[in-house]
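Residue numbers (full-length UniProt numbering): 1 to 242. Glycine included, every Cβ here is placed at the ideal spot set by N, Cα and C. Note sheet for the following structure.
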């Protein structure tokens, strides 16, 4: 299965928050959403939506004001082929309004492993529920020693553990490792529909066998990507506080 190279930019951020990733062409937009969450550093707490050439993809809502096609039924390869100027858009969290521009940089690339994977990028992802771009800018001002009351309150709650200029590639790679385990080149539509994947033990080789993380997964019966990402982030946060 060929790969496709994408550049993801979080609009209205300065300096620009961006990532370059490699993913299989045949994945759905639902799976691309999962990859974007890991690559950017989001935590998948909110709704999302893709837009390409005036068509929208996500989770259909009967109360919505426009037609939305199912993201899990839309193949990335087909979306990329009809993207005007090789770009389409991804919105995450309709409250904070994080709009991403996705540029298709290359298609039909030779299959690689591991995939999906991060190639390049810059800047830390904003925090969840921070208040959109204004809240993110306030936090950056406070992190730089500036006098922004909202930013200082958030930074104090974080115990100063936020560097907007740090791209934590190790953390992103760690998150993507577990997504890679669910991506099978045979064209399976969803990880949770694959009984073999569901029975497979999910482990980070750097942690070794029998770690508290492994025990947590086994005890909670976590086998799909979305639940796993949340569990991984919780573990990262716990270790960061030690």
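A distance of 8 Å or more separates the beta carbons of residue 25 and residue 8. Secondary structure at residue 48: strand, using DSSP grouped into helix, strand and coil. Per DSSP, the unbroken alpha helix (DSSP H) holding residue 173 starts and ends at 169-182. Straight-line measurement puts the Cα of residue 45 at about 25 Å from the Cα of residue 79. The closest CA to that of residue 35, considering only 158, 157 and 119, is found on 119. One alpha carbon belongs to residue 99, the other to residue 50, and they sit about 10 Å apart.
Counting along the chain, no beta strand (DSSP E) covers residue 165, and no H or E run does either.
With 16 or more other CB atoms across the displayed protein chains lying within 10 angstroms of its CB, residue 137 is buried. Taken in chain order, the complete beta strand (DSSP E) segments of 3 or more residues contained in the stretch 78-132 are 87-92, 98-109 and 117-122. For residue 69, same chain residues with a beta-carbon under 6 Å away, outside a window of 5 residues either side, are 57 in chain order. Below 8 Å, too few C-beta pairs join the stretch 141-148 and the stretch 111-118 to call them touching: fewer than three. Within a 10 Å sphere around the beta-carbon of residue 32 sit 16 or more other beta-carbons, which makes this residue buried. With respect to residue 95, residue 2 sits apart: the two C-beta atoms are not nearer than 8 Å. The DSSP-derived three-state label of residue 141 is helix.
In the DSSP assignment, residue 30 falls within the alpha helix (DSSP H) that extends over 29-40.
Residue 151 sits in a helix when the DSSP states are folded into three classes. Looking at the DSSP output, residue 70 sits in a beta bridge with 58. Taking a 10 Å sphere around the C-beta of residue 144, we find fewer than 16 other C-beta atoms and assign the residue as exposed.
The straight-line gap separating the alpha-carbon atoms of residue 162 and residue 181 is approximately 30 Å.
Apart from sequence neighbours up to five positions away, the residues of its chain that approach residue 101 with a beta-carbon distance below 7 Å are 9, 11, 87 and 89, ordered along the chain. Residue 106 counts as exposed, since fewer than 16 other C-beta atoms from the protein chains shown sit within 10 angstroms of its C-beta.
Here residue 12 is not bridged, per DSSP, to any residue.
About 20 Å separates the Cβ atoms of residue 122 and residue 104, ruling out a contact at the 8 Å cut-off. Taking 8 Å as the cut-off, the Cβ atoms of residue 153 and residue 38 do not count as close.
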